[in-house]
Amino acid sequence: MKLTLQIWRQKNAKAEGKIVEYPIDGIEEDMSFLEMLDVLNEQLINKGDEPVSFDHDCREGICGSCSLFINGEAHGPDRGIPTCQLHMRMFKDGDTIFIEPFRAAAFPVIKDLVVDRSAFDRIQHAGGFVSVNTSGNPVDANTIPIPKHDADRAFDAATCIGCGACVATCKNSSAMLFVAAKVSQYALLPQGRVEATDRVLNMVAQMDAEGFGNCTNTGACEVECPKGISLDYIAQMNREYLSASIKG
Amino acid sequence: MALDSKVPSGSISDKWTNYKDHINLVNPANKRNIDIIVVGTGLAGGSAAATLAELGYNVKTFCFQDSPRRAHSIAAQGGINAAKNYQGDGDSTFRLFYDTIKGGDYRSREANVHRLAEVSTNIIDQCVMQGVPLAREYGGLLDNRSFGGTLVARTFYAKGQTGQQLLLGAYSAMNRQIGRGKIKPHNRHEMLDLVVVDGKARGIIARDLVTGEIERHSAHAVVIASGGYGNVFFLSTYAMGSNATAAWKIHKKGAFFANPCYTQIHPTCIPVSGEHQSKLTLMSESLRNDGRIWVPAKLEDAQAIREGKKKPADLSEEDRDYYLERRYPSFGNLVPRDVASRAAKERCDAGFGVNKTGEAVYLDFASAIQRYGKEQAYIKGLDANNTKLIIDLGAAVVANKYGNLFQMYEKIVDEDPYKTPMMIYPAVHYTMGGTWVDYNLQTTIPGCFSIGESNFSDHGANRLGASALMQGLADGYFVLPYTIGDYLAPDIKTGTISTDLPEFVEAEKKVKDQIEKFINNNGTHSVDYFHKKLGKIMWDKVGMARNAKGLTEAIEEIAALREEFYKDVKVPGTADSFNQELEKAGRVADFLELGELFAKDALHRNESCGGHFREEYQSEDGEAQRDDENFAYVAAWEYKGKPSDAVLHKEPLVFENIKLVTRSYK
C-alpha cells in the first residue's frame, strides 16, 4: 500500500504547528495504524529527522493512551475501537490520510499528536471514588446483593477508557459523556449512592472549571466512543444533577 | 552476605496474624512527618499509594503514563482469585495456598504464598466496597469462573476487563487521596535512579518526560511497583512502555535480582502476523473454560490448512487432535500456562501448526456454542433440533461471557471467531522473577521495597491464571502498609531528607551524563533496531525451550549487542524536551543488561521447572524434570559491575507444609 500522510507537527505547547506531508510505501493490510506510524518514524530517524510523537501504550484497546484524529474522526473510520486497534485494511492504496491530535481547549498540545488530558484526572479527583478506607475487615462482599441488571449497567459505564474521543468529537468540546459514565457507575451501585449528591455536584463543577463545553445532545460522542458508552448515561447524570441541586 | 528471608516463626496459618500483632507501629501524628515514594501506579503501586496515604503518610507517586489509570494492570482480562468458597466447591485458604505452590512448581516461599491466600478474600470485600462492578448472578451475588491449574471455581471477574475494573478501583482510591492532598502524583515522570544515603534508600532521581527536567525527590522509603521485564523479548503482551528501568536501577544500587529466568509464556495469544508487528495480544485464559484446543491429527491435513486448501470445519472429530485433553485428561484444556504453552510448541514443532508460519493452534468454541444453545433452548422451551436457533442462542451466551475478546480478535485477525476457531500461539506475558524481597517485601537495600510483579516472591517458577491481580492488590492494600510501618517506626525523628546531600548530586550527575551520551552519540541505528535484535536472541535461545549451547551463545551475543548499542545507537531530538526515543534508549540499555543476566540464570539452573524448560532435563514423555536436591532454592544475583560478573546467592526453599512431588496434571 502506498499512502500520503498529512500529519500535524508541533514542536511544543508554545510553538505554532502545521500539517506536514509524508509519502509512505510498503504498508501492509495487517498492520495496525500505529505500526504504520512506527514504520514512518523508523524512516524519519534513519534520515536524521525527528520522529512523530504520539501517545500509545497497551496497543490492545484498553489503556486509553492513543488519541489520534484521523481523517476528521476520533480514532479513525472504524467503530468501537481506539486507534491502536484500527488496521490498515480500513484504507486503500493511494489514500491520503490526515492525522491530527485530539483538539479541545482543555486538552492543550504537548508535542505533535500528544495532548495533555490531565483535566480528566482532576475531574476524578473531585469525586470519582467511594470514600472507603482499606481496612481489611469490611463486610463480606456478598452481604449486599446487587441486581444483575444494575451491576451490568454500572459495568457498562465503568468500561470508559478515558481516552477523550468524546471531547475531541464534540463540537462543544464537552466532557459530559466521560463524567456521566463515572457518575452513573457509582449512582447505580448501593456503595456509591451514599455520596451521590456531593459527587455529581463536585465533578460537574470541576468539569466546568477545566473549560469543557456544554452538551447539546448531538450524540456524536456516543458514535465515536471506542467503548460504546451510551448517551443514556448523560440523561442519568442530568437527573442526578437536578435532584442534587434541589437537595442543595 | 547471607540472605535472611525474615519469615516469622510459628505455624503457617498463624505467622501473618502473629507478625501483625507484634510489629512496631507509627502513631498517626508521626506519619505526617514521613514521606514515601511509590514508583509505578498499577494495581500494586496504586493500591499501596492509596492505603499509605489513608494511613497518613505523605506519598509521592511516579508513573511514565499520562495518568495512573493507564498502567498495564489495566490490560489483565480474565479475573482475580480469592478463596471465598462462594461456590461451595471445597475451596479454602489452604487449597489456594497449595494450588499456588504447586502451580509455581515448588519454587516459591511458603510463608509469602500462605499470606497471599489469607488476604485474598479481603481483596474482594474491599473492591466491592469501592464500587468495582464485578460480575454477578441473577440473585445479585458474585459470580465465579474457573482458571487453569485448579479444580475449583474461585475466580472473580468483570467480563474480560477485570484488570481494568480493579485498576480503576485502585485509581479511584488514589484520586480520593490526591483530592485530599495526601498523594502528590507525578505523571509523565520516569525514575532514572535510586538514591542511597548511609545504606538506606532515601530518594530517587526522575525525569519529567514533558520538559526533560531532571528532578531530585527525597523520602524515608522508596517502593518499587514498576511491573515485570517481559519486554526484554521485544514482542510480548506487555504495554509498549512497560520497562524494567526502576527495578534494574535498584539492582545496580544493591538490590538482588531473583530468578530472572522464570518467565511466563502465555498459551493463548494471537499469533505473530508479520515483520512490523510491535506487540502481541492476549486472549484471556478464561476462554479455556469453554474453548477446546486442537490441531489436525494428520500431517497432510495440517499442510492443507496451512496452504488454504482446507478449512478447520472440513475436519471431522476423529481427524482432530485435542492434544491437551488427550495428554492431561484430568485438567484437560485447563492445565497451567507453562504446560499448555509447551504442548502447543511441541505440536507445532512436529508440523501440525495451522497458520501460514506453522506457529498456531486452534481454540474452538463450536462445542461450547452447541452446549449453551441446547441449554437455552431447553430452558426457554424452544426447538432443540433447530440448528440455526441453537447456534444463535449459544453464540449469545458466549458473547455475554467473552464479547470484548471476540471483538478484539476479529479486529486484529479479520476473522469471525463465532464461526471459525481462533488461532492462537504462546507469547511472553509475565515475569515471575524480579527483585528479591524478604517477608516484609523489602529488598536487600534497607528502605527500598518491591511489590507486585516487580518482586519475585509468590509465583515460583510459574504463575497461575488470575493470581497476578490478586498478588498486586494483596501487596499494595494489605501487606506493605503493615511491613513498611515496622521499618519506618525508628525513622520518626529523622525529619525531611535534604535533596542537597552529595548522594543526590552524584546520582543526578550520572543520570544527566547518560542522557547526554545518548543525545550526542550520533550513531546509525534507531533504538528499536537494537531492541528487536535483542528480542530475537531472547526468543530463539532463551524462550520456551532452552539448552546450554543456546544459552551460552545468547550470553555472548547479548554482550556484543550491548557494546554495539552504545557505539551505534541514534537518538534524535534534545534532552530538554518531550523525547520518546530518548525514553526508549534508556529502557533498552537496561534490557540489554537484564537479558544477559536472564540467560546466565537460565544456564545455571540445570533443571526444568515451571516456565523454565531446559531441553536437557525432561522426562520421556516431554514433561519438565525438576531437581529438588540441587535446585530447591531462590537464585538471587548481586550486581558487580557487569551481568557476567554477577554473584549468585542462594535462599534455600524450605517446605514444611506441602510435600514436594512431581507436578502432574494428567
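Protein chains in written order, with the numbering used here: chain G, -7 to 240; chain S, 2 to 667. Even glycine gets a Cβ: it sits at the ideal position worked out from N, Cα and C.
Verify the CB distance criterion: does residue i have a CB-CB separation below 9 Å to chain G?
i              : result
residue 479(S) : yes
residue 14(S)  : no
residue 112(S) : no
residue 107(S) : no
residue 23(S)  : no
residue 267(S) : no
residue 566(S) : no
residue 187(S) : no
residue 125(S) : yes
residue 62(S)  : no
residue 233(S) : no
residue 283(S) : yes
residue 147(S) : no
residue 211(S) : yes
residue 240(S) : yes
residue 1(S)   : Nothing can be reported for residue 1(S), as the shown portion of chain S is limited to 2 through 667.
residue 179(S) : yes
Span of the alpha helix (DSSP H) holding residue i?
i              : result
residue 32(S)  : 29 to 32
residue 567(S) : 549 to 569
residue 249(S) : 246 to 253
residue 233(G) : 224 to 239
residue 38(G)  : 25 to 39
residue 178(G) : 168 to 179
residue 516(S) : 503 to 520
residue 593(S) : 581 to 605
residue 417(S) : No alpha helix (DSSP H) holds residue 417(S); DSSP gives it neither H nor E.
Return the first residue and the last residue of the beta strand (DSSP E) that residue i is part of.
i              : result
residue 218(S) : 215 to 219
residue 451(S) : 449 to 451
residue 186(S) : 184 to 187
residue 270(S) : 264 to 270
residue 426(S) : 423 to 432
residue 14(G)  : 10 to 16
residue 573(S) : Note, residue 573(S): premise wrong, no beta strand (DSSP E); not H, not E.
residue -4(G)  : -5 to 1
Out of the options, point me to the one whose CA is closest to residue i's CA.
i              : options                           : result
residue 107(S) : 609(S), 290(S), 476(S) and 560(S) : 609(S)
residue 196(G) : 145(G), 167(G), 81(G) and 182(G)  : 167(G)
residue 565(S) : 647(S), 105(S), 535(S) and 17(S)  : 535(S)
residue 114(G) : 13(G), 98(G) and 18(G)            : 98(G)
residue 290(S) : 3(S), 319(S), 599(S) and 152(S)   : 152(S)
residue 89(G)  : 80(G), 37(G) and 215(G)           : 80(G)
residue 259(S) : 42(S), 583(S) and 4(S)            : 4(S)
residue 23(G)  : 583(S), 310(S) and 279(S)         : 279(S)
residue -1(G)  : 223(G), 150(G) and 9(G)           : 9(G)
residue 208(S) : 584(S), 640(S) and 343(S)         : 584(S)
residue 321(S) : 666(S), 508(S), 43(S) and 363(S)  : 363(S)
Of all the CB atoms in chain S, is at least one closer than 9 Å to the CB of residue i?
i              : result
residue 151(G) : yes
residue 226(G) : no
residue 209(G) : no
residue 190(G) : no
residue 9(G)   : no
residue 128(G) : yes
So residue i packs on residue j, CB below 8 Å; how close in whole Å?
i              : j              : result
residue 51(S)  : residue 178(S) : 6 Å
residue 155(S) : residue 83(S)  : 6 Å
residue 633(S) : residue 654(S) : 5 Å
residue 463(S) : residue 622(S) : Actually they do not touch by this definition, with Cβ atoms about 19 Å apart.
Does the Cβ of residue i lie closer than 8 Å to at least one heavy atom of the ligand COA?
i             : result
residue 13(S) : In terms of ligand content, the structure shown is empty, and the ligand COA therefore cannot be addressed.
Is any beta-carbon of chain C found at less than 9 Å from that of residue i?
i              : result
residue 356(S) : Protein chains G and S are contained in the structure displayed, whereas chain C is not.
Sufficient close CB pairs (3 or more, under 8 Å) joining the stretch 588 to 608 of chain S to the stretch 547 to 558 of chain S: In short, these stretches touch, since the Cβ pair count reaches three.
Cβ contact (3+ pairs, closer than 8 Å) linking the stretch 188 to 199 of chain S and the stretch 52 to 66 of chain S: Short answer: they touch.
Stretch-stretch touch, CB-based, cutoff 8 Å, three pairs: the stretch 34 to 48 of chain S with the stretch 106 to 121 of chain G: Inter-segment contact for the stretch 34 to 48 of chain S and the stretch 106 to 121 of chain G is absent: fewer than three beta-carbon pairs are separated by less than 8 Å.
Given 8 Å, three or more beta-carbon pairs between the stretch 39 to 59 of chain G and the stretch 241 to 257 of chain S: Segments in contact, yes.
Cβ contact check for the stretch 281 to 301 of chain S and the stretch 143 to 157 of chain S: 3 or more pairs under 8 Å: By the Cβ criterion, the stretch 281 to 301 of chain S is in contact with the stretch 143 to 157 of chain S, since at least three pairs of Cβ atoms, one from each stretch, lie closer than 8 Å.
Sufficient close CB pairs (3 or more, under 8 Å) joining the stretch 392 to 401 of chain S to the stretch 365 to 375 of chain S: Counting Cβ pairs under 8 Å, three or more are found: they touch.
Cβ contact check for the stretch 307 to 322 of chain S and the stretch 59 to 73 of chain G: 3 or more pairs under 8 Å: Inter-segment contact for the stretch 307 to 322 of chain S and the stretch 59 to 73 of chain G is absent: fewer than three beta-carbon pairs are separated by less than 8 Å.
Contact the stretch 403 to 417 of chain S vs the stretch 351 to 362 of chain S: 3+ CB pairs below 8 Å: Touching, no.
At least 3 beta-carbon pairs within less than 8 Å: the stretch 156 to 163 of chain S vs the stretch 211 to 226 of chain S: Contact between the stretch 156 to 163 of chain S and the stretch 211 to 226 of chain S is absent, because fewer than three Cβ pairs lie under 8 Å.
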